[in-house]
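Counting from 124, one number per residue, gives the positions in the sequence shown under the working numbering.
We put the beta carbon where it would ideally sit given N, CA and C, even for glycine.
Down below is the structure, laid out as structure tokens.
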Amino acid sequence: MPMKVIAALIAVLVLLGAGGFFFVRPSNSESPAAAATGQGAVSAEATAMAVNSDAEAGHGVSPLPSPATHTQTIDIHAIPLGDGKVSSAPQQGYVYSCQTNFRGGGADHAGDWIEGDTWDLTKKVSVMGSISWPQAVFSTYVDGTERMLQGNGLPVDSLTGIFPIQRRDPAYQYDPNPNAIEPYTLSTLIPADPQIAAKASCVPMGAIGYALNGVAIYNALDDAGRDAVAHEVQDVCDGHPQQAGQYHYHGPSDCMPHADENNALVGYALDGFGIYSLYDADGREYQDADLDACHGTTSLVEWNGEQVTMYHYVLTQEYPYTVGCFRGTPVAAATRAPQGDGPNNRAP
């Protein structure tokens, strides 16, 4: 994914041990336990007082480019719009959604970057602001047959925009998201050795997985059942909060650890399978035609510190972006933040 802004280096996250242990300690003085429960959390309004001049201009921080060579296959000036691609069974290039009746929320107006049945990533506005979250924490470790995911829902070593979106923000005219980012307790177990289920299952509204920086990953739909990545306005890291304050992604983000690397793990789906970067081992960008109905493939990847040929999901620049359906057996996302979206929510 092309870099929107390069202003500073986001600290490199460390993956340790064959068991896949991954832990990031908050950079302030509070304990991981306090951070995980949201104690000492800083509101967007309070943190915004420290926003630098780049934030006022809508600038932010993205990871430095990977030295890997990439072959782009998708025209980011004319990405196919995913509107209407919601199915009642697994189908390539669609979201097999558990929810089929949609309320009609999401962005208020279609942006100028949407033209007919395509949209231009380079023309899309971003929510302004560069808010850091030093109290963010996320860890994962393997215990027997299960993998534990723990955190407080805030982005580790990553920035966000200013939410609620301010009236003076150019993004406000399209998507006046009134929600603030809030911490919550994440503690859930997923299979450490996931298996293909006899039948694929639908994906819910709300979290379908988590990135390695602790941010929830949602499916590709907004509250109106449209292409959320195209219609809704996100920040420079491609995230935004829903009505309960859960910050999340709907698609690829430059701020996901390893997202710009070849064949690299960027997160876990709730059925235990890994979600991998936009590029295969040779640096070729994945597209829907390369993937199955659940937006995945089987290839040689690094898994728990070993090279393993296994099934995994893949990020793409085209809809449905992350997970189209679950190939394994999903678990419920055990958080204290409500999943899904409320009637007044503008950011599912």
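DSSP three-state assignment for residue i, whether helix, strand or coil
{"i": "TYR402", "result": "strand"}
{"i": "LEU307", "result": "Reading the sequence as shown, one finds Tyr at residue 307 and not Leu. It is coil, neither helix nor strand."}
{"i": "THR245", "result": "helix"}
{"i": "ASP413", "result": "helix"}
{"i": "VAL279", "result": "coil"}
{"i": "TYR370", "result": "strand"}
{"i": "VAL437", "result": "strand"}
{"i": "ALA456", "result": "coil"}
{"i": "ALA212", "result": "coil"}
{"i": "GLN296", "result": "helix"}
Close Cβ partners of residue i (< 8 angstroms) along its chain, the five nearest in sequence each way excluded
{"i": "ALA109", "result": "Because the chain is modelled from 124 through 471, residue 109 falls outside the range shown and cannot be assessed."}
{"i": "ALA191", "result": "ASP383, GLU384, ASN385, TYR402, GLY406"}
Contacts around residue i, its chain only, beta-carbon distance under 7 angstroms, and the 5 residues preceding and following it disregarded
{"i": "ASP206", "result": "ARG349, ASP350"}
{"i": "TYR217", "result": "LYS208, VAL209, SER210, PRO443, GLY447"}
{"i": "LEU204", "result": "ILE237, ASP240, THR241, TRP242, ASP350, ALA353"}
{"i": "PRO293", "result": "VAL248"}
{"i": "VAL454", "result": "THR311, LEU312, ILE313, LEU393"}
{"i": "VAL389", "result": "ALA334, LEU335, MET379, PRO380, HIS381, ALA382, ILE398, TYR399, SER400, LEU438"}
Cutoff 6 angstroms; reference residue i; Cβ partners in own chain excluding five residues on either side
{"i": "GLN296", "result": "none"}
{"i": "ALA201", "result": "THR241"}
{"i": "ALA416", "result": "PRO213, GLN214, GLN215"}
Residue i to residue j span [Cα, whole Å]
{"i": "TRP103", "j": "TYR436", "result": "Nothing about residue 103 can be reported from this structure: the residues present for the chain run from 124 to 471 only."}
{"i": "VAL279", "j": "SER255", "result": "9 angstroms"}
{"i": "TYR409", "j": "TYR399", "result": "10 angstroms"}
{"i": "GLY274", "j": "VAL338", "result": "9 angstroms"}
{"i": "TYR307", "j": "GLY276", "result": "6 angstroms"}
{"i": "GLY387", "j": "ASP413", "result": "It is worth fixing the name first, because residue 387 is Ala in this sequence and not Gly. Straight-line Cα distance between these residues: approximately 17 angstroms."}
{"i": "TYR391", "j": "SER220", "result": "19 angstroms"}
{"i": "SER324", "j": "ASP361", "result": "26 angstroms"}
{"i": "THR263", "j": "GLN430", "result": "19 angstroms"}
{"i": "VAL359", "j": "SER281", "result": "10 angstroms"}
{"i": "ASP235", "j": "PRO299", "result": "16 angstroms"}
CB-CB length for residue i against residue j, believed under 8 angstroms
{"i": "ILE313", "j": "ARG270", "result": "5 angstroms"}
{"i": "GLN440", "j": "ILE199", "result": "6 angstroms"}
Original post:
Does the region 363-371 come close enough to the region 282-301 to have 3 or more Cβ pairs within less than 8 angstroms?
Top reply: Judged by Cβ distances under 8 angstroms, the region 363-371 makes contact with the region 282-301, as three or more pairs qualify.
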